[in-house]
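Written below as structure tokens is the structure these notes are about.
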Amino acid sequence: MLSDNPPQSPPEEKLQATTVWSFPERGKWATHSAKYRGNWAPQIPRNIIQLYSQEGDSVLDPMVGSGTTMIEAKLLGRKGIGFDIHPEVVELSRKACDFSTDNGEFQPKIELGNARDLKKIKDDSVDLIATHPPYLNIVRYGEKEVDGDLSAISNLTKFCDQIEAVAQECFRVLKPGKYCAILIGDTRRRRHFVPLAFNVMQRFLKAGFILKEDVIKLQHNCTTTRYWGAQAKDFLLIMHEHLFVFRKAMFEESQHIFSDSRILKYHN
1250 MLSDNPPQSP
1260 PEEKLQATTV
1270 WSFPERGKWA
1280 THSAKYRGNW
1290 APQIPRNIIQ
1300 LYSQEGDSVL
1310 DPMVGSGTTM
1320 IEAKLLGRKG
1330 IGFDIHPEVV
1340 ELSRKACDFS
1350 TDNGEFQPKI
1360 ELGNARDLKK
1370 IKDDSVDLIA
1380 THPPYLNIVR
1390 YGEKEVDGDL
1400 SAISNLTKFC
1410 DQIEAVAQEC
1420 FRVLKPGKYC
1430 AILIGDTRRR
1440 RHFVPLAFNV
1450 MQRFLKAGFI
1460 LKEDVIKLQH
1470 NCTTTRYWGA
1480 QAKDFLLIMH
1490 EHLFVFRKAM
1500 FEESQHIFSD
1510 SRILKYHN
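Every number in the numbering used here is 1249 more than the matching position in the sequence shown, counting from 1.
So, in structure tokens, the structure goes:
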């Protein structure tokens, strides 16, 4: 066990109320750590969980990584469910969730699994999905190569095809009327902008989701920003990511009501 009594909440807490989120200081409560490359600041899943779920709800992270979402689910009295394709990452996430809380009944279930095939999860059974997928192959996850690792894909179209499979599974397991939140950023190639986030958004809309929010999350002290800052100054530095909050419509809702929040036309 990492700690019997770690601090279980930020020193000051205020739920976000706008579509611009900024966290200059990364949260350090509980067992959160920035050592795992590419994980999101705990303030992000903490806000998502509090804004879009209730105590006792189930929270799924199909690409759990170091366990940030699961830690927050446990602290906030939610039933965490996490999967990752890397065995060593699954163990890392389990260890991160090995601490005592006042609500000891909410121990996350973290298993080896593929986000494109959530066969252990029933249809329409999850209350909230919150996840932070790889940004192409910008950051490689896991110590060993694993077949199906999204962070090993450099081709944009191939990556988005695989993300679409993730979106379809997320749509299948999410309860109608509930939310799926993903944080995704953009990149550059040959000093030109690659709109990864909007390509990913399209795939989630194609899977059937409705776009509830597009939150701009500001980046602070970003390694990639420092790298690009040292290069030629013929482009602007990317200092933001997109937090897309999608919703799965209720069965009885008239689909045309939300037509403007869906994809207009998809071209293969």
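Virtual Cβ for every residue (Gly too), placed ideally from N, Cα, C. Note that this is a predicted model, so its numbers are computed, not measured.
From G1326, E1418, G1353, residue whose alpha carbon lies closest to that of G1305: Looking at the Cα atoms, G1326 is the closest of the given residues.
Which residue's Cα is closest to the Cα of R1496: L1486, K1455, H1489, Q1468? Residue nearest to R1496 within the set L1486, K1455, H1489, Q1468 is K1455 (criterion: CA-CA distance).
Candidates G1353, A1345, L1405, I1412: closest to D1366 by CA position: Taking only the C-alpha atoms, the option nearest D1366 is I1412.
Below 6 Å CB to CB, which residues in the same chain sit around C1419 once its five sequence neighbours on both sides are set aside? Around C1419: I1378, C1429.
To which residues does DSSP link D1366 through a beta bridge? Residue pairing by DSSP places D1366 opposite N1363 in a beta bridge.
Euclidean distance between Cα positions of D1398 and S1258: Spanning the two alpha carbons is a distance of roughly 33 Å.
Could you tell me how far apart the beta carbons of T1317 and N1288 are, in whole angstroms, since I believe they sit closer than 8 Å? With a Cβ gap of about 5 Å, T1317 and N1288 count as contacting.
Leaving out five residues on either side along the sequence, give the residues of the same chain with a beta carbon under 8 Å from the beta carbon of A1446. Excluding sequence neighbours, A1446 sits near I1433, G1434, D1435, E1490, H1491, F1493.
Would S1349 and G1331 qualify as a contact pair, given that the criterion is a beta-carbon distance under 7 Å? No.
At which residues does the alpha helix (DSSP H) containing D1301 begin and terminate? The identity of residue 1301 in the sequence shown is Tyr, whereas the question assumes Asp. Counting along the chain, the alpha helix (DSSP H) containing Y1301 begins and ends at 1292 to 1301.
Checking the sheet assignment: what are the DSSP bridge partners for H1491? Answer is I1433, I1465.
For M1499, name the three-state secondary structure that DSSP assigns. Of the three classes helix, strand and coil, the one that applies to M1499 here is coil, per DSSP.
CB-CB length for I1293 against K1466, believed under 8 Å: About 7 Å separates the Cβ atoms of I1293 and K1466, confirming a contact at the 8 Å cut-off.
Terminal residues of the alpha helix (DSSP H) in which I1412 lies: Run containing I1412: 1405 to 1422, per the alpha helix (DSSP H) assignment.
Grab the span of the alpha helix (DSSP H) containing F1453 for me, first residue to last. Run containing F1453: 1445 to 1455, per the alpha helix (DSSP H) assignment.
Enclosing alpha helix (DSSP H) for T1317 [first to last residue]: 1317 to 1324 is the span of the alpha helix (DSSP H), which, as asked, contains T1317.
For the alpha helix (DSSP H) that A1379 lies in, which residues bound it at each end? Not the alpha helix (DSSP H): A1379 falls in the beta strand (DSSP E), residues 1375 to 1380.
Between F1500, F1442, K1328, D1509, which has its C-alpha nearest D1483's C-alpha? Shortest Cα-Cα distance from D1483 to any of F1500, F1442, K1328, D1509 involves F1442.
Inter-residue CB distance, P1291 and H1281 (contact presumed, cutoff 8 Å): Between H1281 and P1291 the Cβ distance is about 5 Å, and since that is below 8 Å, they are a contact.
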